[in-house]
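There are 2 protein chains.
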Amino acid sequence: MINNVREGIIFVLSGPSGGGKTTLAQRALERHSNLSFSVSYTTRIPREGEVDGKDYRFVSETEFGRMVKDNYFVEYAKVHNNYYGTPLEQFGMAKSTGIDLLLDIDVQGARQIRKNYSLAVLCFILPSSFEILRERLVERGSDNDAEINRRLSKVRQEMRDVHKYDYIIVNDDLDKTADTLSSIIVSARCEANRVSDIVWRKFFGEASKP
Amino acid sequence: MINNVREGIIFVLSGPSGGGKTTLAQRALERHSNLSFSVSYTTRIPREGEVDGKDYRFVSETEFGRMVKDNYFVEYAKVHNNYYGTPLEQFGMAKSTGIDLLLDIDVQGARQIRKNYSLAVLCFILPSSFEILRERLVERGSDNDAEINRRLSKVRQEMRDVHKYDYIIVNDDLDKTADTLSSIIVSARCEANRVSDIVWRKFFGEASKP
């Protein structure tokens, strides 16, 4: 099929809470048109300031279970006793419209995405050290000690898979890290395996075949 | 060996003359410290304005032949009846110091580099269309008709290998293209397969092992 629009790229952000993922995702969405955020479904209770439909879609466990049965999710996982799921519908849209999709999901989810979308771009974002991460989680004050320790031990576990990601961004300066993420988005958009056929046709004219 | 400096990255720019490679290389070198240009050796006659030791090192065919025998080159190739070679010495320096290396070489050379340096980042730069390329070569006035036709037929041939590159950059706006090249450099510097061990050690502290 001759098509001069490349497929939308799936960008995945993973990394510990407290690493700055949410802010970085916002910055990326402000800076790049043609990029849309995939809002995950979750059974967890909203944190202060979180908006239903913007940060997450908050649903009951019963609802979530039904959606799983209906194959509504590309991937879903249980994290810290709550379920999180990525809806499939936007993936089809990304493919046909060429609008890129930004996901904020954990390591289990990223693994599933990679399996189904080999060209997805996986980014792992983390603060400069384990100690700084601990401090941030304590300062944030949204978790008790047990919860913080659980999060930290999950980070240790997740870090084992960090080499499976495409990019690792150490967020020790928010502006600089936002620039780096932006660079990853720009460069992914001219990867040869996404654009070579399109570029070829544009270069030689529509009639030519790669 | 515990080493907290990643190896220098080999960035390769290829693409037809008239595509803007030389200017883009200059822009990249101005913008990025920690990036140095690999000056190729050639047996061709200097064009107007070209400086020995900056654009190329101009040598005789006898000298070039001796260097080939002495294994002085990472790769060398005959292009349009002239020899071009990339000196090996800077590659060792890039590896040990972590200073990235920018090469402006043709498709044959890029293929050799890829074979020996699988993590090299290969970028193919081309103007928006074959017609525009033809116009630019005519306007430049440095080649006669036969030479221009030879260059154009080489481009047709080279374009067959374009999908083997990592990135394809269509240079229809010099500033935008310079930004894109810059993004590729920034993103390559946080590719997981280059930095995951280093990041891991920095994150958990020197003593820990990936």
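Chains as they are written, first to last, in numbering that gives the first Met the number 0: chain V, 0 to 209; chain R, 0 to 209.
Cβ atoms here follow ideal geometry from the backbone N, Cα and C, with glycine treated the same way.
As the structure is a computational prediction, the values presented were derived from the model and not from experiment.
For a contact meaning CB atoms closer than 9 angstroms, what does residue i contact in chain C?
| i | result |
| --- | --- |
| R:H162 | The structure shown has no chain C; the protein chains it does contain are V and R. |
Less than 8 angstroms between CB atoms is the rule here; does residue i satisfy it with respect to chain R?
| i | result |
| --- | --- |
| V:V169 | yes |
| V:L125 | yes |
| V:D165 | yes |
| V:I183 | yes |
| V:T179 | yes |
| V:F214 | This structure gives no information on residue 214 of chain V, because the portion of chain V shown stretches from 0 to 209. |
| V:S186 | yes |
| V:Y75 | no |
| V:G48 | no |
Short check: CB of residue i to CB of residue j, under 8 angstroms?
| i | j | result |
| --- | --- | --- |
| R:Y83 | R:G48 | no |
| V:V198 | R:V106 | no |
| R:Y40 | R:R56 | yes |
| R:E190 | V:D69 | no |
| V:P15 | V:L121 | no |
| V:E60 | V:T42 | yes |
| V:L118 | V:V11 | no |
| V:L100 | V:S186 | no |
| R:N3 | R:I98 | no |
| V:I112 | V:K20 | no |
| V:G17 | V:R110 | no |
| R:T157 | R:A93 | Residue identity differs from the one stated: residue 157 of chain R is Glu in this sequence, not Thr. No, they are not a contact pair. |
| R:S37 | V:F202 | no |
| R:F63 | R:L87 | no |
| R:V194 | V:I184 | no |
Using the beta-carbon count (16 or more within 10 Å), is residue i buried or exposed?
| i | result |
| --- | --- |
| R:Q89 | buried |
| V:E74 | buried |
| R:S95 | exposed |
| R:L173 | exposed |
| V:T176 | buried |
| V:I9 | buried |
| V:P45 | exposed |
| R:M0 | In this prediction, R:M0 scores a pLDDT of 42, lower than 50, which makes its location untrustworthy; no coordinate-derived value is stated. |
| V:R188 | buried |
| V:K53 | exposed |
| R:S141 | exposed |
| R:V238 | Outside the displayed range of chain R (0 to 209) lies residue 238 of chain R, so it cannot be described from this structure. |
| V:V50 | exposed |
| R:V137 | exposed |
| V:G204 | exposed |
Give me the DSSP bridge partner(s) of residue i.
| i | result |
| --- | --- |
| R:G84 | R:Y40, R:Y75 |
| R:I167 | R:F123 |
| R:D99 | R:L34 |
| R:I9 | R:L100 |
| V:E190 | R:Y166 |
| V:F57 | V:T41 |
| R:S51 | Residue identity check: residue 51 of chain R is Asp in the sequence provided, not Ser. R:D51 pairs with R:Y55. |
Could one say the Cβ of residue i lies closer than 8 angstroms to chain V's Cβ atoms, at least one of them?
| i | result |
| --- | --- |
| R:M158 | yes |
| R:I104 | no |
| R:T22 | no |
| R:S59 | no |
| R:F202 | yes |
| R:M0 | For R:M0, the predicted model reports a pLDDT of 42, less than 50, meaning its position is unreliable; a value from the coordinates is still stated below. No - not a single Cβ of chain V is within 8 angstroms of the one on R:M0. |
Check whether the Cβ of residue i lies closer than 7 angstroms to any heavy atom of the ligand FMN, and answer yes or no.
| i | result |
| --- | --- |
| V:V73 | Of the ligands one can find in the structure shown there are none, so the ligand FMN has no counterpart to examine. |
Quiz item: Below 8 angstroms, can you find three or more Cβ-Cβ pairs linking the region 173 to 183 of chain R to the region 14 to 33 of chain R?
Solution: yes
Quiz item: So, do the region 139 to 152 of chain R and the region 150 to 160 of chain V have three or more beta carbon pairs nearer to each other than 8 angstroms?
Solution: no
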